[in-house]
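Chemist: Protein sequence lines correspond, in order, to chains A and B.
For any residue, its number in the numbering used here is found by taking its place in the first sequence, counting from 1, and adding 143.
For any residue, its number in the numbering used here is found by taking its place in the second sequence, counting from 1, and adding 81.
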Amino acid sequence: MPQMNMIQALNSAMDIALGRDPAVVVLGEDVGYFGGVFRVTDGLQRKYGQHRVLDTPIAEGGIVAASIGMAVNGLRPIAEIQFADYIYPGYDQIVSELARLRYRSASAFAAPVTIRTPCGGGIRGGQTHSQSPEALFAHVCGIKVVMPSNPYDAKGLLIASIEDDDPVLFLEPKRLYNGPFDGDPNKPAVPWSTHPRGEVPDGHYTVPIGKAAVVREGRELTIISYGTMLHVAEAAAKALGLDAEIIDVRSIVPLDVETLTTSVQKTGRCVIAHEATRFAGFGAELMATIQERCFWQLEAPIERVCGWDTPYPHAFEWEYFPGPQRVAAALKRVMEAR
Amino acid sequence: MPRPSRLHVPHAPARPGEAPDFSYVRLTPAGTVARPDVAAQAADVENLAVDLIRVLDDGHRAIGPWNPHLEVDVLQVGLRHMLLTRIYDDRMLRTQRQGKISFYMKSTGEEAVAVAAAMALRPGDMLFPSYRQQGLQFVRGAKLVDLMCQLLSNTRDMCKGRQLPVMYHSVPGRLFSISGNLATQFPQAVGWAMAAAIKGTDDLAATWIGEGSSAEADFHHALLFASVYRAPVILNVVNNQWAISTFQGFAGGEQRSFAARGPGYGIPGLRVDGNDFLAVYAATEWAAERARKGAGATLIEFVTYRAAAHSTSDDPSRYRPKDDAERWPLGDPIERLKAHLIGLGEWSEARHEALTAELGEQVGAAWKEATTYGTLTEGPRLDRDLMFEDVFKELPKHLVEQRAQLRSERG
Ligand SMILES: Cc1ncc(C[n+]2csc(CCOP(=O)(O)OP(=O)(O)O)c2C)c(N)n1
Numbered sequence: 144m145p146q147m148n149m150i151q152a153l154n155s156a157m158d159i160a161l162g163r164d165p166a167v168v169v170l171g172e173d174v175g176y177f178g179g180v181f182r183v184t185d186g187l188q189r190k191y192g193q194h195r196v197l198d199t200p201i202a203e204g205g206i207v208a209a210s211i212g213m214a215v216n217g218l219r220p221i222a223e224i225q226f227a228d229y230i231y232p233g234y235d236q237i238v239s240e241l242a243r244l245r246y247r248s249a250s251a252f253a254a255p256v257t258i259r260t261p262c263g264g265g266i267r268g269g270q271t272h273s274q275s276p277e278a279l280f281a282h283v284c285g286i287k288v289v290m291p292s293n294p295y296d297a298k299g300l301l302i303a304s305i306e307d308d309d310p311v312l313f314l315e316p317k318r319l320y321n322g323p324f325d326g327d328p329n330k331p332a333v334p335w336s337t338h339p340r341g342e343v344p345d346g347h348y349t350v351p352i353g354k355a356a357v358v359r360e361g362r363e364l365t366i367i368s369y370g371t372m373l374h375v376a377e378a379a380a381k382a383l384g385l386d387a388e389i390i391d392v393r394s395i396v397p398l399d400v401e402t403l404t405t406s407v408q409k410t411g412r413c414v415i416a417h418e419a420t421r422f423a424g425f426g427a428e429l430m431a432t433i434q435e436r437c438f439w440q441l442e443a444p445i446e447r448v449c450g451w452d453t454p455y456p457h458a459f460e461w462e463y464f465p466g467p468q469r470v471a472a473a474l475k476r477v478m479e480a481r
Numbered sequence: 082m083p084r085p086s087r088l089h090v091p092h093a094p095a096r097p098g099e100a101p102d103f104s105y106v107r108l109t110p111a112g113t114v115a116r117p118d119v120a121a122q123a124a125d126v127e128n129l130a131v132d133l134i135r136v137l138d139d140g141h142r143a144i145g146p147w148n149p150h151l152e153v154d155v156l157q158v159g160l161r162h163m164l165l166t167r168i169y170d171d172r173m174l175r176t177q178r179q180g181k182i183s184f185y186m187k188s189t190g191e192e193a194v195a196v197a198a199a200m201a202l203r204p205g206d207m208l209f210p211s212y213r214q215q216g217l218q219f220v221r222g223a224k225l226v227d228l229m230c231q232l233l234s235n236t237r238d239m240c241k242g243r244q245l246p247v248m249y250h251s252v253p254g255r256l257f258s259i260s261g262n263l264a265t266q267f268p269q270a271v272g273w274a275m276a277a278a279i280k281g282t283d284d285l286a287a288t289w290i291g292e293g294s295s296a297e298a299d300f301h302h303a304l305l306f307a308s309v310y311r312a313p314v315i316l317n318v319v320n321n322q323w324a325i326s327t328f329q330g331f332a333g334g335e336q337r338s339f340a341a342r343g344p345g346y347g348i349p350g351l352r353v354d355g356n357d358f359l360a361v362y363a364a365t366e367w368a369a370e371r372a373r374k375g376a377g378a379t380l381i382e383f384v385t386y387r388a389a390a391h392s393t394s395d396d397p398s399r400y401r402p403k404d405d406a407e408r409w410p411l412g413d414p415i416e417r418l419k420a421h422l423i424g425l426g427e428w429s430e431a432r433h434e435a436l437t438a439e440l441g442e443q444v445g446a447a448w449k450e451a452t453t454y455g456t457l458t459e460g461p462r463l464d465r466d467l468m469f470e471d472v473f474k475e476l477p478k479h480l481v482e483q484r485a486q487l488r489s490e491r492g
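#1: I need the straight-line Cα distance from Thr109(B) to Val318(B), nearest angstrom please.
#2: Within 10 Å of its beta-carbon, does Lys317(A) have 16 or more other beta-carbons around it, so buried, or fewer, so exposed?
#3: In chain B, what lies closer than 9 Å to Gly264(A) by C-beta?
#4: Assign Trp439(A) to buried or exposed, taking buried as 16 or more other Cβ atoms, counted over all protein chains shown, within 10 Å of its Cβ.
#5: According to DSSP, which residues form a beta bridge with Thr379(B)?
#6: Using a threshold of 7 Å, is the CB atom of Leu263(B) nearer than that to any non-hydrogen atom of ligand 1?
#7: Using C-beta distances below 6 Å, list every residue in its chain close to Pro117(B), excluding the 5 sequence neighbours before and after it, in chain order.
#8: Which residue marks the beginning of the beta strand (DSSP E) containing Ser88(A), and which one marks its end?
#9: With DSSP collapsed to three states, give me the class of Trp323(B).
#10: Taking the C-alpha atoms as reference points, what is the distance between Thr271(A) and Leu232(B)?
#11: Please determine, among Thr404(A), Arg362(A), Thr257(A), Tyr348(A), the residue with the shortest C-alpha to C-alpha distance to Pro310(A).
#12: In the DSSP output, what is Gly159(B) paired with across the bridge?
#13: Looking only at C-alpha atoms, which of Gly180(B), Gly205(B), Pro94(B) sits nearest to Ala369(B)?
#14: So which residues on chain A does Ser338(B) lean against when the C-beta distance must stay under 7 Å?
#15: Return no unless some Cβ of chain A is closer than 8 Å to the Cβ of Gly412(B).
#16: Which stretch, first to last residue, makes up the beta strand (DSSP E) that contains Lys287(A)?
#17: Compile a chain-ordered list of the residues in the region 238–251 of chain B whose CB is closer than 9 Å to at least one CB of chain A.
#18: For a quick check, are the C-beta atoms of Tyr369(A) and Met478(A) less than 8 Å apart?
#19: Taking the alpha-carbon positions, what's the Leu170(A) to Ala222(A) distance?
#20: So if I threshold CB-CB distances at 8 Å, which residues from the region 362–382 of chain A count as touching chain B?
#21: Check whether the Cβ atoms of Val414(A) and Ala355(A) sit closer than 8 Å, and answer yes or no.
#22: List the residues of chain B whose Cβ lies closer than 9 Å to the Cβ of Phe280(A), in chain order.
#23: Using a Cβ-Cβ cut-off of 8 Å, state whether Gln483(B) counts as contacting chain A.
#24: Confirm the yes/no value for this check: CB of Val319(B), any heavy atom of ligand 1, distance under 7 Å.
#25: Since Gly426(A) and Arg412(A) should fall inside the 8 Å C-beta cutoff, what is the C-beta to C-beta distance between them, to a whole number of angstroms?
#26: Taking 8 Å as the threshold (beta carbon to beta carbon), is Phe306(B) in contact with chain A?
#27: Could you check where the alpha helix (DSSP H) with Thr410(A) kicks off and where it finishes?
#28: Could you check whether the Cβ of Ile325(B) sits closer than 8 Å to any Cβ belonging to chain A?
#29: Is the region 185–204 of chain A in contact with the region 159–170 of chain A, if contact means three or more CB pairs nearer than 8 Å?
#30: Kindly indicate if chain A contains any beta-carbon less than 8 Å away from that of Phe383(B).
#31: Ala534(B) and Thr176(B): beta carbons closer than 8 Å?
#32: Exposed or buried, which one is Asp471(B) when buried takes at least 16 other CB atoms within 10 Å?
#33: Look up Gln274(A) in the DSSP assignment and say whether it is helix, strand or coil.
#34: Measure the CB-CB distance between Leu129(B) and Arg107(B) and report whether it falls below 8 Å.
#35: How about Trp323(B): is its Cβ closer than 7 Å to a heavy atom in ligand 1?
#36: Kindly indicate the opening and closing residues of the alpha helix (DSSP H) around Phe425(A).
Printed below as a string of structure tokens:
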């Protein structure tokens with residue numbers, strides 16, 4: 144099977160979508176001629192033309208709003224926001240319009256827009272190139288929110304998002320674009336070709352939205368994570384020699400509650416890990432859900448490993464990032480709790 | 082069968098492998114544009130948004146009604162600031178390539194837009210720049226070492242490690258904290274100016290935005306508030322033709338000039354040769370006088386060219402001709418002011434070389450000192466506890482706890 148990194152997998156997903164459905168268009172800042180600042184849309188304008196792969200003005204509010212209008216008129220826009228940190232000028236259009244259009248019009252109108260945006264830290268990007276804003280969107284009713292952790296899922300989830308009749312925010316953990324990352328910045332970079340999920344079929348397939356993945360089966364405790372932190376948590380559990388069940392949430396909204404609770408009911412212990420800030424982060428929702436449904440099976444308090452509740456600092460990237468040490472400490476506490 | 086697409090897609094004038102083409106840049110000979118009264122109504126001076134205000138002619142002489150008639154020593158100071166800006170940019174780019182800093186953005190070719198404008202303003206005027214006006218820092222007396230420590234995120238970093246390189250600020254220099262989020266500073270400057278008006282001071286605010294960023298809604302908020310309240314503010318659009326890979330046509334520059342946005346809001350718009358130190362100075366002086374008189378805001382489009390890459394993460398050879406910058410019809414701001422001074426008999430190649438060497442040494446010495454306070458890769462390092470400070474004025478309990486947790490993690 145072909146090897147792809149996450150950039151190539153995402154590119155392949157859009158290539159297939161553009162090829163199969165003339166209603167699909169791609170738009171965003173620098174996505175056309177240049178192929179995107181992360182090269183995710185590389186070659187698509189050359190292949191599908193300037194009327195289907197559009198460079199846009201630097202106006203995220205305009206990009207989202209225009210995508211809504213296009214979608215209402217029968218297109219299926221894939222909008223790129225250059226960095227998740229720059230999505231906020233489009234926030235009103237997402238929250239008040241995109242997410243609620245179907246509801247307020249009783250399905251008379253709907254806008255199947257996919258918004259792709261790179262998120263997360265670990266690239267020395269400072270506070271404006273490192274944010275993980277998933278909770279800001281998970282709290283909004285009417286937009287799906289997904290985040291893949293590997294090229295295979297990235298492609299399948301992106302095709303599913305484009306084909307979905309509801310709007311989807313598709314978050315791309317940019318630290319994973321070129322390879323998995325175990326949280327140790329001093330180790331040489333590892334390419335996706337070393338990872339089983341770097342094998343990506345050339346053709347069309349989907350990874351369903353709303354389904355978590357059990358990445359590793361285990362009996363001692365459940366680790367729930369997504370995006371970059373999935374790999375960090377996996378490495379931390381391995382280093383401790385734990386028989387952990389590791390779950391990749393993948394779909395934040397809608398959430399696959401059953402997969403999560405089935406696992407925690409089995410293991411009785413749970414650690415949640417995400418890069419985003421802790422306070423009112425998505426971990427809080429995960430924790431509440433598990434507590435509600437697994438209370439009588441829990442053998443230890445659930446723990447969250449998250450970013451600190453500060454903006455993402457440039458100079459303290461690796462003190463801020465919830466790295467393997469912080470995850471390992473939480474895993475130990477949860478394993479030792481009686 | 083549907084008809085073919087009627088969508089108009091702006092076309093870059095030239096892409097890699099093609100010959101540079103600047104025929105779209107409307108030029109006006111130096112000295113030919115009238116200089117109206119500073120209290121003019123926007124509707125009466127709409128030509129200023131179409132023509133190009135220039136002072137230096139092809140022979141590098143200062144001519145016409147916009148000539149600010151500056152003293153020679155002022156011109157020499159301007160040249161010095163611009164040259165320092167360029168040398169600083171070149172050196173800091175190299176330190177990034179050596180892995181000493183994480184990121185850098187040069188202002189090469191756009192030095193006049195910052196330097197001349199700041200020199201035409203008063204020290205009390207508040208400046209709200211984007212990330213590409215480092216020349217403002219030098220005019221406002223910033224120390225090289227302090228700027229470098231910010232780039233290094235080291236123990237003397239004014240931002241305490243919070244910001245990417247070039248996101249400086251200065252309280253005594255009246256330079257607002259630079260944001261990585263585009264366009265946000267534009268309406269904030271208007272608010273500052275409104276406060277100056279409310280408080281009854283003589284101060285004004287000036288702000289800079291890239292033509293690409295002028296697409297953001299914040300740009301329009303700025304114009305509207307400035308117009309409604311006749312705020313004492315100077316709104317500068319730096320049209321350097323490119324926003325990363327996106328040429329100015331995608332920000333709306335194909336149909337009309339950026340200066341022409343002003344009259345639409347009832348604000349005079351001036352279209353100015355941004356590589357002409359004297360024209361930048363004169364336009365800013367006009368706008369400042371207007372603002373201080375209570376006649377309101379001015380929108381100034383500085384027509385210039387981003388001669389270097391967008392940032393250290395960018396490779397412009399992927400989206401524009403390699404020799405684009407050399408073919409830019411408005412030349413280079415440093416070369417032009419230098420030629421003007423030489424024409425006046427007040428400068429020479431030898432003096433220029435000596436100044437270049439002197440500034441190079443200054444920058445080198447400052448870098449040496451700055452690195453003793455730490456670099457990205459070598460100590461001393463900022464105290465990591467600082468990460469938790471300044472989220473709020475006082476550290477809340479949950480951050481006290483998180484700080485303790487980090488300490489226990491790292492010993
Ligand atoms: C709100 C927002 N959107 C996107 C970006 C990413 N970005 C950074 S600089 C830039 C181009 C800006 O071009 P322009 O305004 O013309 O200024 P120039 O860089 O040419 O000086 C873009 C798209 C950002 N920083 N903020």
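Beta carbons: idealized from backbone N, C-alpha and C, even for Gly.
Modeler: If we stick to the structure as given:
#1: Each residue's alpha carbon lies about 19 Å from the other.
#2: buried
#3: Residues of chain B passing the Cβ test: none, with the nearest at roughly 12 Å.
#4: exposed
#5: Ile315(B)
#6: For Leu263(B), the shortest C-beta to heavy atom distance toward ligand 1 is below 7 Å.
#7: Val126
#8: Residue 88(A) is absent from the structure shown; chain A starts at 144 and stops at 481.
#9: Taken through DSSP and simplified to helix, strand or coil, Trp323(B) comes out as strand.
#10: 16 Å
#11: Thr257(A)
#12: In the DSSP output, where bridge partners are listed per residue, Gly159(B) has none listed.
#13: For the options Gly180(B), Gly205(B), Pro94(B), the alpha carbon positioned closest to that of Ala369(B) is the one of Gly205(B).
#14: Those do not exist, as Ser338(B) stays about 16 Å from chain A at its closest Cβ, beyond 7 Å.
#15: no
#16: 287–289
#17: Hits within the stretch, in order: Asp238, Cys240, Lys241, Gly242, Arg243, Gln244, Leu245, Pro246, Met248.
#18: no
#19: 5 Å
#20: none
#21: Going by C-beta atoms, Val414(A) is not nearer than 8 Å to Ala355(A).
#22: Per Cβ cutoff of 9 Å: no residues; Phe280(A) is ~18 Å from chain B at best.
#23: yes
#24: yes
#25: No, Gly426(A) and Arg412(A) are not in contact; Cβ-Cβ is about 16 Å, not under 8 Å.
#26: no
#27: 400–410
#28: Closer than 8 Å: yes.
#29: yes
#30: No, because no Cβ of chain A sits closer than 8 Å to the Cβ of Phe383(B).
#31: In the structure displayed, chain B extends from 82 to 492; residue 534(B) sits before or after that span and is not available.
#32: exposed
#33: Residue state, collapsed to three classes: coil.
#34: no
#35: yes
#36: 425–437
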